[in-house]
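Student:
Number of protein chains: 2
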Amino acid sequence: MAEKKHRGLSELLRVPGDEPVDLSSYDTRATTGGPSGKKAALADTALTGERLAGLQERLWAASTAGDRRRVLLVLQGMDTSGKGGTVKHVIGLFNPSGCRIRAFKAPTPEERAHPFLWRVRQALPHSGELGIFDRSHYEDVLIARVRELVPTPELGRRYGQINRFEKSLTDDGVTLIKCFLHISYDEQRRRLLERLDRPDKHWKFNPGDIDERELWPAYQEAYELALHRCSTPRAPWHLIPADRKWYRNWAVSRLLLEHLTALDPQYPKADFDVAECRQRLLKGA
Amino acid sequence: MAEKKHRGLSELLRVPGDEPVDLSSYDTRATTGGPSGKKAALADTALTGERLAGLQERLWAASTAGDRRRVLLVLQGMDTSGKGGTVKHVIGLFNPSGCRIRAFKAPTPEERAHPFLWRVRQALPHSGELGIFDRSHYEDVLIARVRELVPTPELGRRYGQINRFEKSLTDDGVTLIKCFLHISYDEQRRRLLERLDRPDKHWKFNPGDIDERELWPAYQEAYELALHRCSTPRAPWHLIPADRKWYRNWAVSRLLLEHLTALDPQYPKADFDVAECRQRLLKGA
Numbered sequence: 001m002a003e004k005k006h007r008g009l010s011e012l013l014r015v016p017g018d019e020p021v022d023l024s025s026y027d028t029r030a031t032t033g034g035p036s037g038k039k040a041a042l043a044d045t046a047l048t049g050e051r052l053a054g055l056q057e058r059l060w061a062a063s064t065a066g067d068r069r070r071v072l073l074v075l076q077g078m079d080t081s082g083k084g085g086t087v088k089h090v091i092g093l094f095n096p097s098g099c100r101i102r103a104f105k106a107p108t109p110e111e112r113a114h115p116f117l118w119r120v121r122q123a124l125p126h127s128g129e130l131g132i133f134d135r136s137h138y139e140d141v142l143i144a145r146v147r148e149l150v151p152t153p154e155l156g157r158r159y160g161q162i163n164r165f166e167k168s169l170t171d172d173g174v175t176l177i178k179c180f181l182h183i184s185y186d187e188q189r190r191r192l193l194e195r196l197d198r199p200d201k202h203w204k205f206n207p208g209d210i211d212e213r214e215l216w217p218a219y220q221e222a223y224e225l226a227l228h229r230c231s232t233p234r235a236p237w238h239l240i241p242a243d244r245k246w247y248r249n250w251a252v253s254r255l256l257l258e259h260l261t262a263l264d265p266q267y268p269k270a271d272f273d274v275a276e277c278r279q280r281l282l283k284g285a
Numbered sequence: 001m002a003e004k005k006h007r008g009l010s011e012l013l014r015v016p017g018d019e020p021v022d023l024s025s026y027d028t029r030a031t032t033g034g035p036s037g038k039k040a041a042l043a044d045t046a047l048t049g050e051r052l053a054g055l056q057e058r059l060w061a062a063s064t065a066g067d068r069r070r071v072l073l074v075l076q077g078m079d080t081s082g083k084g085g086t087v088k089h090v091i092g093l094f095n096p097s098g099c100r101i102r103a104f105k106a107p108t109p110e111e112r113a114h115p116f117l118w119r120v121r122q123a124l125p126h127s128g129e130l131g132i133f134d135r136s137h138y139e140d141v142l143i144a145r146v147r148e149l150v151p152t153p154e155l156g157r158r159y160g161q162i163n164r165f166e167k168s169l170t171d172d173g174v175t176l177i178k179c180f181l182h183i184s185y186d187e188q189r190r191r192l193l194e195r196l197d198r199p200d201k202h203w204k205f206n207p208g209d210i211d212e213r214e215l216w217p218a219y220q221e222a223y224e225l226a227l228h229r230c231s232t233p234r235a236p237w238h239l240i241p242a243d244r245k246w247y248r249n250w251a252v253s254r255l256l257l258e259h260l261t262a263l264d265p266q267y268p269k270a271d272f273d274v275a276e277c278r279q280r281l282l283k284g285a
């Protein structure tokens, strides 16, 4: 039973890949494993931020000595679930120079002319970097399924393609952290109404977002299938209850902390004569 | 004389392009126009950060309605002058999703096969973004001059090419903010020694950095020439006294604030019927 030892938030939020997923059984307002109040969560997230920035520097430093490891955070969720807010508040805790952020929109004609994973491969983090996907290749089994953008057999093949692709990434030193930001239907309505109430948020609003709500059940089903089929041991999905923004930010920052701590990147040792260099500088160079 | 009205820090730090530049006449420890102490500077920079993030969001929002304006911060300076530290501390004040950061290293074989501005064009900010260049096309008249990497006539042509290129950018809606981080020869020694004293900084050190110090006068001369020939009315150079990190961060954040404030980006007005959308949502959608 030693393997079942508690391994932190990653384990608590992990979606088991071996059984079908029923999203309605997950409470979108839960604060699993975290502080139960906003104030404590904000304070804890800020503290976590300092540790994240330190670990990120070590990851980057290690890459300068040939360590090829890197981290990729994948954010998925319904409209208004807080993907952008997570980038702003959680990724904002890191040194921006080591972050490679990509927001995936509807594919361009060029992207459409390639296999669906092509544009994703262009956006991967380099050694020592933290990559962030705001939406991802999962759109190709989500909106693609709901809107019937591809023939069913092709859709069916994509889950396996995604799993093989992600395995190749983890084999190559990528730590994948996949987060589904889970909000409720009512919370989405509340957030859309807030965008309407505030003129400084109108630019985020699209009347099509309301039409899209009619497809809510189909999207939930598509997510259930994607989480079930693609939550693998090496690249599991995490379900983040996301109705409370402060918990969402706390949880994602905590997941990043757990994974970066586990990587334990090290500052490389000097490959030059430190004392000699010091002498040269002190003697006037 | 109305034109000579004081226009803030940008004007105080601007390098006049109409006369030769003598870098030795600029005090690298100056705190021009800023708080004279570290504590006040840090507090002021943090406050500036909140305003910067707000202006950045407006710039991004405006781009969603077709506003093509964008900002490009160019950072140049000798080794250890704090280009990376500026990105960490100043650009860290922004929402990372709207920042496009590029650190230019020695050109790759592919980059070398193209005109020197080619790789720079690939890295430009898109509409609504803040672009950041850690080093830039100016390396092609700095190290290229000092190390005699190109024939003299070609080098001579590059200043004009840079000016025309930058004019085309400003014509196209790019606000260019060019900053030369000016440190002293002694301050560089101090910073290199600090890197040697701290094992967690060894990875930043390269013994070649000491050899490079022998070329200090040649680099200063190359900078003087670049600042003189390429400080144009539309794309002026700013000289940032950079021996004090807290002043450097204060000054660069302030320059960004002045330029973003002048742009005065606006949230776009709703192009849909707000009341109707609200009704649809309230009636159950």
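Quick note, the sequences are listed as chains A and B, same order. Under the working numbering, the first residue of the first sequence carries the number 1, and numbering increases by one thereafter. Under the working numbering, the first residue of the second sequence carries the number 1, and numbering increases by one thereafter. The C-beta atom is built at its ideal place from N, Cα and C for all residues, glycine as well. Quick caveat: nothing in here was measured; it's all calculated off a predicted structure.
Which value, in whole angstroms, describes the spacing of the CA atoms of residue 82 of chain B and residue 17 of chain A?
Tutor: For the purposes of this step, residue 82 of chain B is taken as the residue at position 82 of the second sequence. For the purposes of this step, residue 17 of chain A is taken as the residue at position 17 of the first sequence. One C-alpha to the other measures close to 47 angstroms.
Student: What is the C-beta distance between residue 77 of chain B and residue 97 of chain A, in whole angstroms, given that I count them as a contact (C-beta under 8 angstroms)?
Tutor: The count along the second sequence starts at 1 and reaches residue 77 of chain B at position 77. The count along the first sequence starts at 1 and reaches residue 97 of chain A at position 97. Contact doesn't hold; Cβ gap of about 15 angstroms is too wide.
Student: Can you tell which of B:132, B:223, B:213 has the C-alpha that lies nearest to the C-alpha of residue 23 of chain B?
Tutor: On the second sequence, residue 23 of chain B is found 23 positions in, with the first residue counted as 1. The residue with the shortest Cα to Cα distance from residue 23 of chain B is B:223.
Student: Is it a yes or a no for the region 100-117 of chain A touching the region 126-140 of chain A, going by three-plus beta-carbon pairs under 8 angstroms?
Tutor: With a cut-off of 8 angstroms, the region 126-140 of chain A and the region 100-117 of chain A count as touching, because enough Cβ pairs lie within range.
Student: Which residues mark the beginning and the end of the alpha helix (DSSP H) in which residue 178 of chain B is found?
Tutor: In the second sequence, residue 178 of chain B corresponds to position 178, counting from 1. That residue, residue 178 of chain B, is in no alpha helix (DSSP H); its beta strand (DSSP E) goes 174-182.
Student: How about residue 21 of chain A and residue 177 of chain A: are their beta carbons less than 8 angstroms apart?
Tutor: Within the first sequence, residue 21 of chain A is the residue found at index 21, counting from 1. Within the first sequence, residue 177 of chain A is the residue found at index 177, counting from 1. It is not a contact, given that the beta carbons lie outside the stated cut-off.
Student: Give the straight-line distance between the Cα atoms of residue 285 of chain A and residue 148 of chain B, rounded to the nearest whole angstrom.
Tutor: As a working mapping, residue 285 of chain A is identified with position 285 in the first sequence. As a working mapping, residue 148 of chain B is identified with position 148 in the second sequence. Taking the straight line from one Cα to the other gives about 22 angstroms.
Student: I want to know whether the region 241-256 of chain A touches the region 179-193 of chain A - three or more CB-CB distances under 8 angstroms.
Tutor: yes
Student: Taking only runs that begin and end inside the region 204-249 of chain A, name each unbroken beta strand (DSSP E) of 3 or more residues, in chain order.
Tutor: Counting only runs of 3 or more residues that sit fully inside the region 204-249 of chain A, the beta strand (DSSP E) segments are 237-241, in chain order.
Student: Would residue 216 of chain A count as contacting chain B if we go by Cβ distances under 8 angstroms?
Tutor: Your numbering for residue 216 of chain A matches position 216 in the first sequence. Output row for residue 216 of chain A: interface = no.
Student: Check each candidate in A:279, A:52, A:219 and name the one with the smallest Cα separation from residue 303 of chain A.
Tutor: No information on residue 303 of chain A is available, as it lies outside the stretch 1 to 285 that chain A covers here.
Student: Mind reading off the beta-carbon distance from residue 250 of chain A to residue 45 of chain A? Whole number of angstroms is fine, and I expect it under 8 angstroms.
Tutor: In the first sequence, counting from the first residue as 1, residue 250 of chain A sits at position 250. In the first sequence, counting from the first residue as 1, residue 45 of chain A sits at position 45. A Cβ-Cβ separation of about 5 angstroms places residue 250 of chain A in contact with residue 45 of chain A under the 8 angstroms criterion.
Student: Please state whether the Cβ-Cβ distance between residue 62 of chain A and residue 128 of chain A is less than 8 angstroms.
Tutor: Here residue 62 of chain A is taken as the residue at index 62 of the first sequence, counted from 1. Here residue 128 of chain A is taken as the residue at index 128 of the first sequence, counted from 1. For the pair residue 62 of chain A and residue 128 of chain A, the CB atoms are nearer than the 8 angstroms cut-off.
Student: Would residue 205 of chain B pass as a contact of residue 196 of chain B if the rule is Cβ separation under 8 angstroms?
Tutor: One-based indexing of the second sequence puts residue 205 of chain B at position 205. One-based indexing of the second sequence puts residue 196 of chain B at position 196. A Cβ-Cβ contact shorter than 8 angstroms links residue 205 of chain B with residue 196 of chain B.
Student: Determine whether the beta carbon atoms of residue 235 of chain B and residue 166 of chain B lie at a separation below 8 angstroms.
Tutor: The residue labelled residue 235 of chain B in the question sits at position 235 within the second sequence. The residue labelled residue 166 of chain B in the question sits at position 166 within the second sequence. In contact: residue 235 of chain B and residue 166 of chain B (Cβ atoms closer than 8 angstroms).
Student: Check whether chain A comes within 8 angstroms of residue 226 of chain B, counting only Cβ atoms and requiring the distance to be less than that.
Tutor: Taking the first residue of the second sequence as 1, we reach residue 226 of chain B at position 226. Chain A contact via Cβ: absent.
Student: Please check if any C-beta of chain B sits within less than 8 angstroms of the C-beta of residue 6 of chain A.
Tutor: Along the first sequence, read from residue 1 onward, the residue named residue 6 of chain A stands at position 6. In this prediction, residue 6 of chain A scores a pLDDT of 48, lower than 50, which makes its location untrustworthy; the coordinate-derived value is nonetheless stated afterwards. Not an interface residue.
Student: Find out if the Cβ-Cβ distance for the pair residue 48 of chain A, residue 278 of chain A is shorter than 8 angstroms.
Tutor: On the first sequence, residue 48 of chain A is found 48 positions in, with the first residue counted as 1. On the first sequence, residue 278 of chain A is found 278 positions in, with the first residue counted as 1. Taking 8 angstroms as the Cβ cut-off, residue 48 of chain A and residue 278 of chain A do not qualify as a contacting pair.
Student: My output table needs one value for residue 119 of chain B: the three-state DSSP class, helix, strand or coil.
Tutor: Stepping through the second sequence from its first residue, residue 119 of chain B is reached at position 119. Looking at residue 119 of chain B - three-state DSSP - the assignment turns out to be helix.
Student: Would residue 212 of chain B and residue 79 of chain B qualify as a contact pair, given that the criterion is a beta-carbon distance under 8 angstroms?
Tutor: The residue given as residue 212 of chain B occupies position 212 in the second sequence. The residue given as residue 79 of chain B occupies position 79 in the second sequence. For residue 212 of chain B and residue 79 of chain B, yes; Cβs fall inside 8 angstroms.
Student: For my contact list, residue 94 of chain B and residue 130 of chain B are in at a C-beta cut-off of 8 angstroms; report their separation, rounded to the angstrom.
Tutor: What you label residue 94 of chain B is simply residue 94 of the second sequence in a count that begins at 1. What you label residue 130 of chain B is simply residue 130 of the second sequence in a count that begins at 1. About 6 angstroms separates the two Cβ atoms, so the contact holds.
Student: Compare the C-beta of residue 249 of chain B against all C-beta atoms of chain A and say whether one is closer than 8 angstroms.
Tutor: Start at 1 with the first residue of the second sequence, and residue 249 of chain B comes out as number 249. Taking Cβ atoms only, chain A never reaches closer than 8 angstroms to residue 249 of chain B, which makes this a no.
Student: Using the Cα positions of residue 3 of chain B and residue 115 of chain A, report the straight-line distance between them to the nearest angstrom.
Tutor: Within the second sequence, residue 3 of chain B is the residue found at index 3, counting from 1. Within the first sequence, residue 115 of chain A is the residue found at index 115, counting from 1. Unreliable placement is indicated for residue 3 of chain B, whose pLDDT of 39 sits below 50; the coordinate value is still reported in the next sentence. Taking the straight line from one Cα to the other gives about 57 angstroms.
Student: Give me the DSSP bridge partner(s) of residue 103 of chain A.
Tutor: On the first sequence, residue 103 of chain A is found 103 positions in, with the first residue counted as 1. For residue 103 of chain A, which the question treats as bridged, DSSP gives the partners A:134.
Student: Using a Cβ-Cβ distance cut-off of 8 angstroms, determine whether residue 186 of chain B contacts chain A.
Tutor: As a working note, residue 186 of chain B is residue 186 in the second sequence. It does not: the Cβ of residue 186 of chain B has no partner Cβ on chain A nearer than 8 angstroms.
Student: For residue 50 of chain A, count neighbouring C-beta atoms within 10 Å of its own C-beta (all shown protein chains included) and say buried if the count is 16 or more, exposed if not.
Tutor: Counting from one through the first sequence, the residue named residue 50 of chain A turns up at place 50. With fewer than 16 other Cβ atoms within 10 Å, it is exposed.
Student: Which residues, in order along the region 79-108 of chain A, keep a beta-carbon less than 8 angstroms from a beta-carbon of chain B?
Tutor: 84, 87, 88, 91, 92, 94, 95, 96, 97, 99, 101, 103
Student: If distances are taken between C-alpha atoms only, which option among A:11, A:262, A:210, A:231 comes closest to residue 163 of chain A?
Tutor: Numbered from 1 along the first sequence, position 163 holds the residue referred to as residue 163 of chain A. Checked all of A:11, A:262, A:210, A:231; the closest Cα to residue 163 of chain A is A:231.
Student: How many angstroms separate the CA atom of residue 6 of chain B from the CA atom of residue 117 of chain B?
Tutor: Walking along the second sequence from the start, residue 6 of chain B turns up at place 6. Walking along the second sequence from the start, residue 117 of chain B turns up at place 117. Any reading at residue 6 of chain B needs caution, since the residue's pLDDT is 48, under 50, leaving its predicted position unreliable; the model's value is listed next. If I take the Cα positions, the gap works out to 34 angstroms.
Student: So residue 210 of chain A contacts chain B; which residues on that side make the cut at Cβ distance below 9 angstroms?
Tutor: Taking the first residue of the first sequence as 1, we reach residue 210 of chain A at position 210. Correct list: 277, 280, 281, 285.
Student: Measure how close the beta-carbons of residue 59 of chain B and residue 263 of chain B come, nearest whole angstrom, since I'm counting them as under 8 angstroms.
Tutor: Sequence index remark: in the second sequence, residue 59 of chain B carries index 59 (1-based). Sequence index remark: in the second sequence, residue 263 of chain B carries index 263 (1-based). Right, the Cβ-Cβ distance comes to about 7 angstroms (below 8 angstroms), so this counts as a contact.
Student: Grab me the residues of residue 32 of chain B's own chain with a C-beta within less than 7 angstroms of its C-beta, minus the 5 sequence neighbours each way, in chain order.
Tutor: Here the question's residue 32 of chain B lines up with position 32 in the second sequence. These residues qualify, in order along the chain: 12, 13, 241.
Student: Exposed or buried, which one is residue 145 of chain A when buried takes at least 16 other CB atoms within 10 Å?
Tutor: Translated into positions along the first sequence, residue 145 of chain A becomes position 145. Flag for residue 145 of chain A reads buried.
Student: If I measure Cβ to Cβ from residue 248 of chain B and keep anything under 8 angstroms in the same chain, skipping five residues before and after, which residues do I get?
Tutor: For the purposes of this step, residue 248 of chain B is identified with residue 248 of the second sequence, where counting begins at 1. The residues are 82, 85, 86, 181, 240, 241, 242.
Student: Looking at the C-beta of residue 222 of chain B, does it have a partner C-beta in chain A at a distance below 8 angstroms?
Tutor: Residue mapping note: residue 222 of chain B aligns to position 222 of the second sequence, counting from 1. Not one chain A Cβ lies under 8 angstroms of residue 222 of chain B.
Student: Please report the residue range of the alpha helix (DSSP H) in which residue 160 of chain A lies.
Tutor: Position 160 of the first sequence, counted from the start, is the residue given in the question as residue 160 of chain A. That run of the alpha helix (DSSP H) goes 152-171.
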